[in-house]
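In my numbering, the protein residues as written are 998 to 1130.
Below is one structure; the comments refer to it alone.
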């Protein structure tokens, strides 16, 4: 199945005096916030990308977005169509770092620390070499 390149979902921005802007995605049952409109929109895009990437990875059904005209709002709310470009989200997710625990003899660890060796880089280089990558 072909992955969707770009998703568009309505988000409800809620404005309350002296508070951050609350952002809710009613179709995805998730929310975030921001200190101003720009920050709220950036937070919304980031959350949307994370949630949809997770649903894709888990093989779960991605709910269809509600049309903007059907989203109900209060006087202090505005509905905004938020989009996310998934290829960049997927690529960032693939390239994320993970932690691994390795066991070394104490003398080797001490010698490497003494010489300011970057353990992560050495392990990456060794794995690439071993795997012929």
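For each residue, glycine too, the CB sits at the ideal point set by N, CA and C.
All values derive from a computational prediction rather than experimental measurement.
Between which two residues does the alpha helix (DSSP H) holding residue 1126 run? 1116-1128
Taking the beta carbon of residue 1079 as the centre, do at least 16 other beta carbons fall within 10 Å, making it buried, or is it exposed? buried
How about residue 1020 and residue 1076: do their beta carbons lie closer than 8 Å? no
Neighbourhood of residue 1081 by C-beta distance below 6 Å, restricted to the same chain and skipping five residues each side: 1004, 1042, 1045, 1046
C-alpha gap between residue 1074 and residue 1088, whole angstroms: 34 Å
Would a C-beta distance cut-off of 8 Å place residue 1022 and residue 1012 closer than the cut-off? no
Closest residue to residue 1141 among 1024, 1014, 1102 (Cα-Cα distance): Past the boundaries of the shown model lies residue 1141; the chain is included only from 998 to 1130, so the question cannot be answered.
DSSP beta-bridge partners for residue 1075? 1010
Straight-line gap, residue 1068 to residue 1027 (C-alpha atoms, nearest Å): One C-alpha to the other measures close to 15 Å.
Hey, could you find the ends of the alpha helix (DSSP H) residue 1046 is sitting in? 1034-1055
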